[in-house]
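S.K.: Protein chains in written order, with the working numbering: chain S, 1 to 117; chain G, 1001 to 1113.
Okay, handing you the structure first.
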């Protein structure tokens, strides 16, 4: 079946502009995560959504970052007034639920490579 | 919160040799430890995982060991091949609820032909 998809695959923007990054999780997966990966670095947690519960926004680096998940499926990560330090790969992942428990295994999309000039 | 440290940051081995990557974690409540492989330009892909109720798990040329007392776990790749060249990430989390994974900083593995 289809995996996690993200769009666009690449985005170049100018400093100060807003950008929207989209994630389509695997169908039926109720948990969705956003991570940021700077060049040559590990993955930095940003936010996650679990079902209808309030999202965990504890990893968002500033109030310029926000995310929403509509209808329990597609998610959009928005970065307002982009800065050069926002340049990174933004990865989305999703997890299923089984037996009433969220499963730990996360399935990642290919990422969106953001470059802020 | 959880802190995961990974070593080495880079590792070069000759084709056919073994490779070992080590991680330590800080939260004794962590009980799920996946390993991801990330090839250039792609997202991380799960290659193997282990839960805290077992000490070792093997899948063909890949194995993971876990020492709960010392709070460290390792990835072992035997008979390495050029296609094993990638960045490998370890991670840790607690099971039972949707929790973000805490990742190590990654190991760039290069298998020399």
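Every residue, glycine too, gets a C-beta built ideally from N, C-alpha and C.
Predicted, not measured: the structure shown is a model, and the values here were computed from it.
1. Identify which residue in 21/S, 10/S and 3/S has its Cα closest to the Cα of residue 80/S.
2. Name, please, each residue of chain S whose Cβ falls closer than 7 Å to the Cβ of residue 1103/G.
3. Count the other CB atoms, across all protein chains shown, that sit within 10 Å of the CB of residue 14/S; report buried if there are 16 or more and exposed otherwise.
4. How big is the Cα-Cα spacing for residue 62/S and residue 1060/G?
5. Hey, quick one: how far does the beta strand (DSSP E) through residue 955/G stretch, first residue to last?
6. Going by CA-CA distance only, name the one from 73/S, 110/S, 104/S and 95/S that's closest to residue 88/S.
7. Would a C-beta distance cut-off of 7 Å place residue 31/S and residue 95/S closer than the cut-off?
8. What's the call for residue 1014/G, buried or exposed, on a 16-neighbour Cβ count within 10 Å?
9. Can you find a CB in chain G that lies within less than 7 Å of the CB of residue 96/S?
10. Beta-carbon within less than 6 Å of residue 97/S's beta-carbon, same chain only, minus the 5 sequence neighbours each way: which residues are those?
11. Can you list, in chain order, the residues of its chain with a C-beta nearer than 6 Å to that of residue 1099/G? Leave out the 5 residues immediately preceding and following it.
12. Kindly list, in the order they appear in chain G, the residues whose Cβ is closer than 8 Å to that of residue 119/S.
13. The beta strand (DSSP E) with residue 117/S in it runs from where to where?
14. Out of curiosity, what's the CA-to-CA distance linking residue 1022/G and residue 1104/G?
15. State the start and end residues of the unbroken beta strand (DSSP E) segment that holds residue 1051/G.
16. What does residue 108/S reach in chain G if we use C-beta pairs closer than 9 Å?
17. List the endpoints of the continuous beta strand (DSSP E) containing residue 30/S.
18. Output the distance between the C-alpha atoms of residue 1079/G and residue 1106/G, rounded to the nearest integer angstrom.
19. For residue 59/S and residue 45/S, which I take to be in contact (beta-carbon distance under 8 Å), what is that distance rounded to the nearest angstrom?
20. State the Cα-Cα distance for the pair residue 1072/G and residue 1003/G, rounded to the nearest angstrom.
21. For chain S, find out if any of its Cβ atoms is closer than 7 Å to the Cβ of residue 1093/G; answer yes or no.
M.R.: The short version:
1. 21/S
2. 42 and 43
3. exposed
4. 44 Å
5. The requested residue 955/G is not part of the displayed model; chain G covers only 1001 to 1113.
6. 110/S
7. yes
8. exposed
9. no
10. Result list for residue 97/S: 30, in chain order.
11. Annotation for residue 1099/G: 1093 place their beta carbon closer than 6 Å to its own, counting only its chain and skipping 5 residues before and after.
12. Because chain S spans 1 through 117 in this model, residue 119/S falls outside it and cannot be assessed.
13. No beta strand (DSSP E) holds residue 117/S; DSSP gives it neither H nor E.
14. 10 Å
15. 1045 to 1051
16. 1036, 1038, 1042, 1043, 1044, 1045 and 1046
17. Looking at the DSSP string, residue 30/S is not in any beta strand (DSSP E), and its letter there is neither H nor E.
18. 21 Å
19. 4 Å
20. Approximately 12 Å, taken between the alpha carbons.
21. yes
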